[in-house]
Amino acid sequence: MEADDDGELRNPFPSPPSHYHKYTSNNLRLLALLKERRNKPKFSMANPDVPDWSLAQLEKPRIDWILEDEPPRFSVFGDTWFLDEKVMSLKEHGLQQFYPSDPTSDRRPALVSVLRSLLLTYNNLTASLLNPPPLEDDEHPPPQPDWVKSVEWLTLLGQNLMAAANELRPVQARGNLELMMKRQLEHRRNETAELHRRCDEWETKLDELRKRALDLPHLERLRSMNEDQTQASAPLNLEVSAKDVLAWAEEIG
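When we follow our numbering, the leftmost residue of the sequence shown carries the number 67, and every step to the right adds one.
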């Protein structure tokens, strides 16, 4: 049963609490009524709808109890989280630290030494793996192989490098944020320049359309004048048919 409870606590999507069915509209109304009448001198909750359990169970959970612990912490999904998150150093973890704890000091010489020791230890490890195994002796136990010490030393050196790199995470995050903001600013400047270029193109096209609209009446007048001149200069039709000659002769005779 305890294993099931521990698994339920560590579940990212835990089941609802066992008393979730108590949060009905009627019980919430009774809780509001309880809060309203609690400070009155003659307080009574004589109501047949009042359940036999305490309505205080429906109160919202308090979060100020987190500050009562020292250091302030809370548990979620079976894990403990501290309000004031702090990256513990290797000394606080009980391990040997090969670089200065002061973040303002220059750690580069110490880290270079750690890196050189790491490479040298790795070289010794590969060399120790080629050594023959020790002979078994009933009187004396076999000595500890050299590669065990090399692995322990490599682990300690690697922990120092990882711890020093983790302490530089805020600096790295600040640099990445600065680079991201610079890229966003450059992108917005490019977009603004592109918008200005498009606006200039449309303004040029609008000016051309405006000039054409102003020249349109003048072009209409020129077109009408050309049509009048064309009609005035058109040749007369001098062809006379035989019917026209007979009609003219009858009029004279």
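Positions of the beta carbon are idealized from the N, C-alpha and C atoms, including for glycine.
Since the structure is predicted, the reported quantities are computational estimates derived from the model, not experimental observations.
(1) Pop quiz: L220 and L191 are said to be a contact at Cβ under 8 Å. What is the actual Cβ separation, rounded to whole angstroms?
(2) Name the two residues that bound the continuous beta strand (DSSP E) containing D145.
(3) Alpha carbon to alpha carbon, how far is E151 from A239? Give it in angstroms, no decimals.
(4) On a CA-only basis, which of V153, K88, D281 is nearest Q123? Give me that one, please.
(5) Under 8 Å, with one C-beta from each stretch per pair, do the region 196–210 and the region 263–271 reach the 3-pair mark?
(6) F164 and V180 look like a contact to me (Cβ under 8 Å); what is the Cβ gap, rounded to whole Å?
(7) Sort L222, F79, H85, P236 by Cα distance to K157 and report the nearest one.
(8) What span of residues does the beta strand (DSSP E) with S141 cover, start to end?
(9) Could you tell me the alpha carbon to alpha carbon distance between W131 and R173, rounded to whole angstroms?
(10) With distance defined between alpha-carbon atoms, name the residue in D212, H206, P175, S183 nearest to A193.
(11) Please report the residue range of the alpha helix (DSSP H) in which K101 lies.
(12) Quick check on the burial criterion: 16 or more other C-beta atoms within 10 angstroms. Buried or exposed for A279?
(13) Taking 8 Å as the limit between beta carbons, can you name the residues of its chain near L302, skipping five residues before and five after?
(14) Within this structure, are the beta carbons of L97 and E125 separated by less than 9 Å?
(15) Is DSSP giving V153 helix, strand or coil here?
(16) Can you give the beta carbon distance from L121 to N93, rounded, assuming they're within the 8 Å contact cut?
(17) If I'm right that S171 touches A229 with Cβ under 8 Å, what's the distance once you round it to whole angstroms?
(18) If we call anything under 9 Å between Cβ atoms a contact, is Q225 one with L161?
(19) Could you give the C-beta distance for E205 and V153, rounded to a whole number, given that I count them as a contact under 8 Å?
(20) Determine the closest residue to Y188 out of E316, S167, E136, V217, with distance taken between C-alpha atoms.
(21) Rounded to the nearest angstrom, what separates R264 and S167 at their Cα positions?
(22) Have a look at H85 and D135 and give me their C-alpha separation to the nearest angstrom.
(23) What first and last residue would you give for the alpha helix (DSSP H) that runs through V214?
(24) In this structure, does DSSP put P82 in helix, strand or coil?
Reading off the structure:
(1) Translated into the one-based positions of the sequence shown, residue 220 becomes position 154. Translated into the one-based positions of the sequence shown, residue 191 becomes position 125. Yes, they are in contact, since the Cβ atoms of L220 and L191 sit about 7 Å apart, within 8 Å.
(2) Residue numbering aside, residue 145 sits at position 79 when the sequence shown is read from its first letter. Boundaries of the beta strand (DSSP E) around D145: 145–148.
(3) For this step, residue 239 is matched to residue 173 along the sequence shown. For this step, residue 151 is matched to residue 85 along the sequence shown. Going by the C-alpha atoms only, they are around 17 Å apart.
(4) Position 57 of the sequence shown, counted from the first residue, corresponds to residue 123. Of the listed residues, the one whose Cα sits closest to Q123 is K88.
(5) The region 196–210, when compared against the region 263–271, does not touch it at the 8 Å Cβ threshold.
(6) In the sequence shown, the residue the question calls residue 164 occupies position 98. In the sequence shown, the residue the question calls residue 180 occupies position 114. Between V180 and F164 the Cβ distance is about 5 Å, and since that is below 8 Å, they are a contact.
(7) Translated into the one-based positions of the sequence shown, residue 157 becomes position 91. Among L222, F79, H85, P236, the Cα nearest to that of K157 belongs to L222.
(8) The residue labelled residue 141 in the question sits at position 75 within the sequence shown. Run containing S141: 139–142, per the beta strand (DSSP E) assignment.
(9) Position 65 of the sequence shown, counted from the start, is the residue given in the question as residue 131. Position 107 of the sequence shown, counted from the start, is the residue given in the question as residue 173. Pairing W131 with R173, the inter-Cα distance amounts to about 41 Å.
(10) Counting from 1 along the sequence shown, the entry for residue 193 is found at position 127. Distance check between A193 and each of D212, H206, P175, S183 places D212 closest, using alpha-carbon atoms only.
(11) Here residue 101 is taken as the residue at index 35 of the sequence shown, counted from 1. Residues 91–103.
(12) Translated into positions along the sequence shown, residue 279 becomes position 213. Exposed.
(13) By one-based count along the sequence shown, residue 302 stands at place 236. Here L302 scores only 48 on pLDDT, less than 50, and its place in the model should not be relied on; the value that follows carries that caveat. There are no such residues.
(14) Residue numbering aside, residue 97 sits at position 31 when the sequence shown is read from its first letter. Residue numbering aside, residue 125 sits at position 59 when the sequence shown is read from its first letter. Their beta carbons are under 9 Å apart, which means L97 touches E125 by this criterion.
(15) Walking along the sequence shown from the start, residue 153 turns up at place 87. Coil at V153, not helix or strand.
(16) Within the sequence shown, residue 121 is the residue found at index 55, counting from 1. Within the sequence shown, residue 93 is the residue found at index 27, counting from 1. Rounded, the Cβ-Cβ distance is 7 Å, consistent with contact.
(17) The sequence position of residue 171 within the sequence shown is 105, counting from 1. The sequence position of residue 229 within the sequence shown is 163, counting from 1. Their Cβ separation, rounded to whole angstroms, is 15 Å, which puts S171 and A229 out of contact at 8 Å.
(18) Counting from one through the sequence shown, the residue named residue 225 turns up at place 159. Counting from one through the sequence shown, the residue named residue 161 turns up at place 95. Yes, the pair counts as a contact, with Cβ atoms nearer than the cut-off.
(19) The sequence position of residue 205 within the sequence shown is 139, counting from 1. The sequence position of residue 153 within the sequence shown is 87, counting from 1. 50 Å between Cβ atoms; not a contact.
(20) The residue given as residue 188 occupies position 122 in the sequence shown. Nearest option by C-alpha distance: V217.
(21) Here residue 264 refers to the residue found at position 198 when the sequence shown is read from its first residue. Here residue 167 refers to the residue found at position 101 when the sequence shown is read from its first residue. Distance between the alpha carbons of R264 and S167 is about 57 Å.
(22) Mapped onto the sequence shown, residue 85 falls at position 19. Mapped onto the sequence shown, residue 135 falls at position 69. The straight-line gap from Cα to Cα measures roughly 27 Å.
(23) Walking along the sequence shown from the start, residue 214 turns up at place 148. 212–233 is the extent of the alpha helix (DSSP H) around V214.
(24) Counting from 1 along the sequence shown, the entry for residue 82 is found at position 16. Residue state, collapsed to three classes: coil.
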